[in-house]
Amino acid sequence: QSVLTQPPSASGTPGQRVTISCSGSSSNIGSNTVNWYQQVPGTAPKLLIYSNNQRPSGVPDRFSGSKSGTSASLAISGLQSEDEADYYCAAWDDSRSGWVFGGGTKLTVL
Amino acid sequence: VQLVESGGGLVKPGGSLRLSCAASGFTFSSYTMNWVRQAPGKGLEWVSSISGSSSYIYYADSVKGRFTISRDNAKNSLYLQMNSLRAEDTAVYYCARGSSSWLEYWGQGTLVTVSS
């Protein structure tokens, strides 16, 4: 049971816009910034969004993040086949003094 | 930035293993380092964090008292000593560099299998 809650799956067709939600609590998302990671099966996670809505260099602007209260979301516009991967949200948890992750959302491009 | 984990392998329940993470391409001592694991077919689970000077160390409840994180800044290396291993510790273990409030760079991971 993950501390942050994500839908287990999401899907869309090429060109569509897809959003993935992440729900937490006051000790994690409510008081700290949210980060998103992309993981292609068999490879290491890659930082996709940091500080709620910032993109590291090299990440396309098709990816965007937002946060409100104790929830956050990742939006992917102009969906491409290469976006098919697992997506994880994460935040520091003040009560646990550690990082907490969502259970991951498997994105399928139909 | 490069992070290379090593030390994984097959170990019996109750056994011990020491993982290493060799870092390069940045000033190692300036960054908090982390271990994150992923059980087969499962999601990411944070294991432990250590600040640049080793002043601050944190553990997940699931490994507290069994795992010990450490670092050698002179050798640009991060370690995870794992004792009293259990089947549920079977996972790919990643080291990750912390930057402010995110885990910015990840190694390729090393697989630990706990089985008799």
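First to last, the sequence lines map onto chains A and C. Numbering of the first sequence is given in the working numbering, commencing with residue 69 and proceeding in unit increments. Numbering of the second sequence is given in the working numbering, commencing with residue 27 and proceeding in unit increments. A virtual CB, placed ideally from N, CA and C, is assigned to each residue, including glycine. None of the values given here were measured: they were computed from a predicted structure.
As a beta-bridge residue in DSSP terms, N103 (chain A) pairs with A:A158. Following the DSSP letters along the chain, one finds F169 (chain A) inside the beta strand (DSSP E) bounded by residues G166 to F169. Per the coordinates, the alpha-carbon of C157 (chain A) lies some 24 Å from the alpha-carbon of Y82 (chain C). Against chain C, the CB of L115 (chain A) has a partner CB under 8 Å away; the residue lies at that interface. The beta-carbon of S127 (chain C) is placed less than 8 Å from the nearest beta-carbon of chain A. Only exposed fits K68 (chain C), as fewer than 16 other CB atoms lie within 10 angstroms of its CB. Excluding five sequence positions before and after G78 (chain C), the CB atoms of its chain that fall closer than 7 Å to its own CB belong to S55, S56, Y57 and T58, given in chain order. For Q107 (chain C), the enclosing beta strand (DSSP E) begins and ends at S103 to M108. Rounded to whole angstroms, the separation of the alpha carbons of I97 (chain A) and Y105 (chain A) is 15 Å. Within chain C, not a single residue places a beta-carbon under 7 Å from that of V86 (chain A); the smallest gap is close to 19 Å.
In the structure shown, A78 (chain A) falls within a strand segment according to DSSP collapsed to helix, strand and coil. Of the other Cβ atoms in all chains shown, fewer than 16 fall within 10 Å of the Cβ of A65 (chain C); this residue is therefore exposed. For S75 (chain C), the closest alpha carbon among the candidates C:A48, C:R123 and C:E130 is that of C:R123. Sequence-distant Cβ neighbours of N100 (chain A) in its own chain, meaning closer than 6 Å and more than five residues away, are A159 and W160.
Collapsing the DSSP output to three states places A113 (chain C) in a helix. Assigned with DSSP and collapsed to three states, D87 (chain C) falls in coil, not helix or strand. At a cut-off of 8 Å, the C-beta of S75 (chain C) has a neighbouring C-beta in chain A. Shown here, D151 (chain A) sits in a helix according to DSSP, grouped into three states. Distance from the CA of I117 (chain A) to the CA of P109 (chain A), rounded to the nearest whole angstrom, comes to 19 Å.
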